[in-house]
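Worksheet: one structure, shown below.
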Amino acid sequence: MADVSKSKPLAWIGQVLLYGFFALLIGVFSSWPTYRHLPPDQALIKVSFSHQGKPVSDCRSATPQELAKLPPNMRAPQICPRERSPIAVELDLDGVNALRHVAAPSGLSRDGASAFYQRMQVAAGTHRLVVRLKDDVRSPGFDFVREATVTLKPAQILVIDFDPGKGGITLQ
Amino acid sequence: MHPLRAIRLYALAGFRRLERVFDAAFGSGLNPLRHLGALGFMLFWLLAVSGIYLYVVLDTSAEGAYRSIDQLSRVPWQLGGILRSLHRYAADGLIVVTLAHLLREGLHGRYSGFRRFSWLTGIPLLLLSYVNAVGGFWLNWDQLGQFSALATAEWLDQLPLFGSPLTRNFLGADAVSDRLFSLFVFVHVGVPLLLVFGLWFHVQRVARAKVFPPRRLALGTAATLLALALAAPVASQGPANLVVAPTALAYDWLLLFVHPLTYFTSPAFVWFALTGALLVLFALPVMPHPAPAPIAVVDADNCNGCRRCFDDCPYAAVTMVPHPMRGVRELAKVDADLCASCGICVGACPSSSPFRSAAELVTGIDMPSAPIGMLRQQLVKGLAALGNQPYKVAVFGCDHGVDVRQLTGPDVVAFSLMCAAQLPPSFVEYALRDGAAGVLVTACAEGSCEYRLGQRWTAERLQGTREPHLRTSVPRERLALAWAGAGDESAVHQALQSLRQRITAAAGPMSANAAPVRG
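Protein chains in written order, with this note's numbering: chain A, 142 to 313; chain B, 30 to 548.
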């Protein structure tokens, strides 16, 4: 078969059209249509934490029998559980519960941190927030509670985190 | 026929129609649809070269990345911006041609048997290309990069892979540290290195792999991308700001479609869809397939160790080993896993000459399902069966191109071979000496040979530029060549008609009833 591209002007036009189609395909879909991830009147609330809960029970004194079973260099007077409490979190938004979650501790022995991330789309404007967090199964009720009224601009991201060093539940 | 196979063949027919549209514009040899793999290689290297420049100017810190890329537009004559745009559009182009390459090979059913290795090593390359492309957006660290990085983290967090959610790396204005940004850089530099290794593996079992398209096609493609970069330069979309969610984004749907899909459905759905698609692609080679034809067999008594089959095998299935009986000579050896049963080696073997005097033609390397000796017998019988027809024509075609058996007629005897290159060129001369007035050899269109190199080797052998060659004493006006794939029957009919007119005219009116001269 002859090389048509060398001989026919129509073939040249065809090439230009097909190259043009390739450019159009790439050029158009590399920037169009515009993607609107968030409607213009919405904001985001992100609830996230990575925190190690309290031990599931108190330390206790080892009995003489228990100590005797251990090598001399491992005879600690107190036995403390490795397992940590799961962390429960709740968020009420304008008086309505919007989030309730219990994050299990990580690790095979359930002795690691509990981690959580959740994003919520809310209408921009003023909202009343109540955040509750419980990190100790031994205590009744929630260990940390934070109430706040926030005004969110459109597209603003409010992060609700937990940092014991900053007093517990943080809003940023 | 299995319904899935029927669907595949129906879709293949549609793809072939599209190829013919491209043939009309580019010619079959330069048809980009027949060079998709090579175009992918070219675009990868274009990305590598432009990427090295971008890496040199990139400030690899979370604070400075956006500024350093944004400043590219201030390079004299906007060369930096053009290069950046070329980088992005080459990435888009790479994905487009890679997907088209996957589609084309899949429609041809090229995923089993000796092609299994190339298929299986090709799928991860597509995945790596996407990973690399997505990671590239993060380095710019504009709002699109911010959105993509966060969307990727949210998607990955669906799997219990990390102790702490990846998304926690993007909470708050100062959350993204230089250390995390170094990870972005590592992804976008490390994955291309994996791609290089992957590409090397991908073509390991292919001899003379086409890793660069024909020059005109390469220049045309590069010029197209350059024109696009000039006409629509890529621009940053404002610096990343983690306290504000990006709202309206000029979005690259070719490379980042997975994020909107994730938010439109769910991360779990996208994981399920991706895993399912990969499983299907990986499972295709192990699905039931028709039994492959028996592989080539070497006859030690007739192999002289000339290495032509070794040179011509498109899949490097032939190696040379010491000949067990002939001292310093070598012997061809066929690797059963690599052999495509195409018969190209038979056409390359000098012992396949039909002029050999042995009553039974046994060659050095042969196909058990269609021995060359049988072809000689069929040719002799076929020409004899045409009786006293004055202008007999012998047609040799290929099982994967136009079905030449439909050309059989009162003056035509046709043979469909496994590949046109299975035909030793001496058979053309033999047919002419044995009563044929003309010979038509047809193979797949240029660049679309089922066995990659069969059409090329056939053309070169018959043109006398490759061994074994057709002797120069053979009158070329009595030989016609037609490179036409399945569905392009008209081209072969036209070539046959043209050959008939030529041999009739050459014979002249006085010899209208004369048989062709025997040599």
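Here a beta-carbon is modelled for each residue, glycine too, at the ideal position from N, C-alpha and C.
- Among the CB atoms of chain A, none fall inside 8 Å of the CB of B/T181.
- Not flagged as an interface residue toward chain B: A/D252, since no C-beta distance is shorter than 8 Å.
- Of the candidates B/L112, B/C332, B/L271, B/I111, B/C332 places its Cα closest to the Cα of B/S382.
- Contact between the stretch 189–205 of chain A and the stretch 153–173 of chain A is absent, with fewer than three C-beta pairs closer than 8 Å.
- Taken through DSSP and simplified to helix, strand or coil, B/W512 comes out as strand.
- Cβ-Cβ separation between B/L510 and B/L491: approximately 6 Å, consistent with a contact (criterion under 8 Å).
- Contact holds between the stretch 503–519 of chain B and the stretch 455–469 of chain B, because three or more Cβ pairs, one in each stretch, are under 8 Å apart.
- Taken in chain order, the whole alpha helix (DSSP H) runs of length 4 or more contained in the stretch 303–370 of chain B are 337–341.
- Burial of B/E183 is indicated by the presence of at least 16 other C-beta atoms within 10 angstroms of its C-beta.
- Under the 8 Å Cβ criterion, the stretch 349–368 of chain B does not count as touching the stretch 417–425 of chain B, having fewer than three qualifying pairs.
- For A/W153, the closest alpha carbon among the candidates B/V50, B/R45, B/N198 is that of B/V50.
- Contact check for B/H64 against B/P243 passes: the beta carbons are separated by less than 8 Å.
- Distance from the CA atom of B/G516 to the CA atom of B/L47, rounded to whole angstroms, is 12 Å.
- Contacts between B/P194 and chain A, judged by CB atoms closer than 7 Å, involve S189, A256, Y258 in chain order.
- Under DSSP, A/L234 takes part in a beta bridge, and its partners are A/V237, A/L270.
- No residue range can be given for A/M215, since it is assigned to no beta strand (DSSP E) and is classified by DSSP as neither H nor E.
- Cβ-Cβ distances below 6 Å link B/A91 to V205, D207, F210 in the same chain, with the five nearest sequence neighbours on each side left out; the list follows chain order.
- According to the DSSP assignment, B/D207 belongs to the alpha helix (DSSP H) that extends over 207–231.
- B/E518 carries a helical assignment under DSSP once its states are collapsed to helix, strand and coil.
- By the CB criterion at 8 Å, B/V350 and B/I394 fall outside the cutoff.
- Taking C-beta atoms under 8 Å as the contact rule, B/A423 and B/A460 qualify, at a distance of about 4 Å.
- Apart from the 5 residues on each side of it in sequence, B/H498 sits with its Cβ closer than 7 Å to the Cβ of P454, R490 in its chain, given in chain order.
- Around the CB of B/M447, 16 or more other CB atoms lie within 10 Å, so the residue is classed as buried.
- Taking the beta carbon of B/P268 as reference, no residue of chain A falls within 9 Å; the closest one sits roughly 15 Å away.
- Close CB contacts of B/C335 within its chain, under the 7 Å cut and outside five residues either way in sequence, are with P379 (chain order).
- Distance from the Cα of B/L155 is smallest, within the candidate group B/S502, B/G192, B/F73, for B/F73.
- At a beta-carbon threshold of 9 Å, none of the residues of chain A lie near B/Y159; the nearest stands roughly 15 Å away.
- Within the stretch 284–310 of chain A, the residues whose Cβ lies closer than 7 Å to any Cβ of chain B are, in chain order, A296, Q297, I298, V300, D302.
- In the three-state reduction of the DSSP assignment, B/P454 falls in the coil class, being assigned neither a helical nor a strand state.
- Counting along the chain, A/R287 sits inside no alpha helix (DSSP H); it lies in the beta strand (DSSP E) bounded by residues 285–293.
- Taking a cut-off of 8 Å on C-beta distances, the stretch 99–117 of chain B touches the stretch 242–259 of chain B, as three or more cross pairs fall below it.
- Here the stretch 285–300 of chain A does not lie against the stretch 35–45 of chain B, with fewer than 3 beta-carbon pairs under 8 Å apart.
- Within the stretch 290–308 of chain B, those residues whose Cβ lies closer than 9 Å to any Cβ of chain A are, in chain order, Y292.
- In this structure, A/L274 keeps its C-beta atom at 8 Å or more from the C-beta atom of A/Q259.
- Approximately 13 Å separates the beta-carbon atoms of B/L278 and A/F170; this is outside 8 Å, ruling out the contact.
- Look at the beta carbons and you see the stretch 128–147 of chain B touching the stretch 55–69 of chain B: at least three pairs across the two are nearer than 8 Å.
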